[in-house]
Amino acid sequence: MDLCGTCLTQLYLTGDQGTKGHWRIHVWRKLFRDMLLALDFLHSECGLVHGDIKGDDILADNVLDDNQLEELLDKEPIEFGESITFHDNLYTRDFKDTSSVYHTVQQPKSMPLPSQLVDPHMNFKLCDFGACHPIHKDGTRPPPTTSPRRQAPELVLGLPWDEKIDIWTLGNIMLETLTYRPVFRGPFDRFQTFENKKTLEEVQKYNAQDHLFAMTLFSGESKQFPRWMIEASPKGKEYFNADGTLKSGSWKSVLPEELVQSIRRTTTNAIATEIIGHEILSTPALFVCVQRELVEIVEKCFTLDPKKRPSAKELLQHDFFKHSADDGDGDDAFIYHLVSRA
30 MDLCGTCLTQ LYLTGDQGTK GHWRIHVWRK LFRDMLLALD FLHSECGLVH
80 GDIKGDDILA DNVLDDNQLE ELLDKEPIEF GESITFHDNL YTRDFKDTSS
130 VYHTVQQPKS MPLPSQLVDP HMNFKLCDFG ACHPIHKDGT RPPPTTSPRR
180 QAPELVLGLP WDEKIDIWTL GNIMLETLTY RPVFRGPFDR FQTFENKKTL
230 EEVQKYNAQD HLFAMTLFSG ESKQFPRWMI EASPKGKEYF NADGTLKSGS
280 WKSVLPEELV QSIRRTTTNA IATEIIGHEI LSTPALFVCV QRELVEIVEK
330 CFTLDPKKRP SAKELLQHDF FKHSADDGDG DDAFIYHLVS RA
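With the sequence shown counted from 1, adding 29 to any position gets you the working numbering.
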């Protein structure tokens, strides 16, 4: 694997070098596209589900040249630590059972590179495939290690799952990256904050019933789970009424509404940054088009029914990616394309 630089979690903290506290739309789109390309390869060519996508698993390009790397190694020599291999499956073995240890070797420890700012020409790579599972449509298996708040509906309902869970998780990460806010309740990452302490305490509480209710708010569908999922779920009678509606939902509107307002502010500011130097453009026209396509593609990631949730390959065909900044035409062509469609 190529030497990579900062992870996405760190980029949340350092920010975009062209903005104040948010990502420019074309940079965010580049990140989204790179991750879909990675997932398409993983799903289609390798036949694997990642199962645990998070900010730490998304790495940006290394920005240091050979001389800078040598200087860094002189200042911070490589450290070594133990690497353990186990006989049994990582997710089924007893962590307290030392008999499952196969062997231990000394290997170089991870050495993070210096933090960097988001750059519009960065390439992003997906890594950490230790939790990957082969794709298969039938049968049951242990759930992946995804954070509870980023789990797809089929995982919460205890249903069989496949590569479509990665699409749901990526939708979460992309929306969190854009808004600096968690989409669903549950423990969240260090870059996400709320000014209101009460809101902070509320959103870190996880409840599966609330999670299912919130999923219907962010889905672009009929806001109701398909009948087949309810009937097949071992938890169907626990969470749903006979007519397919959720039995209850104590989800407060404070988080969705705050999220909506955050998206609106972020998108407006990011678009304003995009059009600097383009006198022929009007912010309202660009805003309407970008917001429409952005919301549409995120809603597709949040499709409740995994059978209807688009694949990575299908999402790459969306209009949102038709004119990306690295196609050779640059931002001018992309922005002109947006305005002409608005």
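Ideal Cβ placement from N, Cα and C applies to all residues, glycine included.
Reduced DSSP category for residue i - H, G, I as helix; E, B as strand; rest coil
i	result
Phe331	coil
Ala261	helix
Val212	coil
Thr174	coil
Thr35	strand
Leu188	coil
Lys154	strand
Ala89	strand
Leu345	coil
His162	strand
Phe254	coil
Lys351	coil
Rounded Cβ spacing between residue i and residue j (contact assumed at less than 8 Å)
i	j	result
Lys154	Ala67	7 Å
Met64	Leu199	6 Å
Ala181	Ile194	4 Å
Val185	Leu241	6 Å
Leu344	Lys329	6 Å
Thr245	Gln238	Contact flag wrong, Cβ pair sits at about 12 Å.
Lys342	Asp90	So it is not a contact: roughly 24 Å between Cβ atoms.
Nearest candidate by alpha-carbon position, reference residue i, set the options
i	options	result
Thr38	Ala341, Gly265, Ile82	Ile82
Asp372	Ser73, His55, Gly34	Since the first residue of the chain shown is 30 and the last is 371, residue 372 is not available in this structure.
Ile54	Asp334, Thr206, Phe269	Thr206
Pro211	Tyr235, Asp31, His347	Tyr235
Pro163	Gln238, Asn96, Leu71	Leu71
His347	Asp334, Leu323, Lys336, Pro335	Leu323
Leu32	Trp257, Ser73, Leu88, Pro171	Leu88
Ser73	Thr175, Pro172, Ala271, His165	His165
Pro335	Glu325, Trp190, Lys342	Trp190
Asn152	Arg178, Val56, Thr175, Glu100	Val56
Tyr41	Ser176, Phe247, Tyr209	Tyr209
Pro177	Gly159, Cys75, Phe213	Phe213
Cβ-based neighbour list, residue i, same chain, cut-off 6 Å, excluding 5 preceding and 5 following
i	result
Phe61	Met203
Glu338	It is worth fixing the name first, because residue 338 is Arg in this sequence and not Glu. Excluding positions up to five away in sequence, the list reads Lys193, Ile196, Thr332.
Asp157	Asp86
Lys226	The predicted model places Lys226 with a pLDDT of 47, which falls under 50 and marks its position as unreliable; any figure quoted below should be read in that light. Nothing meets the Cβ criterion.
Pro172	Leu184
Arg179	Thr198, Asn201
Pro263	Gly187
Residue-level contact to chain C via CB, residue i, 8 Å cutoff
i	result
Arg210	No chain C is present in this structure, which holds just one protein chain.
Other residues of its chain near residue i: CB distance less than 7 Å, five sequence neighbours each side excluded
i	result
Cys161	Leu77, Val78, His79, Gly80
Ile259	Gly265, Phe269, Gly273
Arg256	Gly273
Phe349	Arg58, Glu322, Leu323, Ile326
Lys276	Tyr268, Phe269, Asn270
Phe247	Val212, Phe331
Cys36	Gly84, Asp85, Ile87, Leu88
Ile261	Note that residue 261 corresponds to Ala in the displayed sequence, not to Ile. Hits under 7 Å: Leu188.
8 Å Cβ shell around residue i - same chain, five flanking residues per side excluded
i	result
Thr376	No information on residue 376 is available, as it lies outside the stretch 30 to 371 that the chain covers here.
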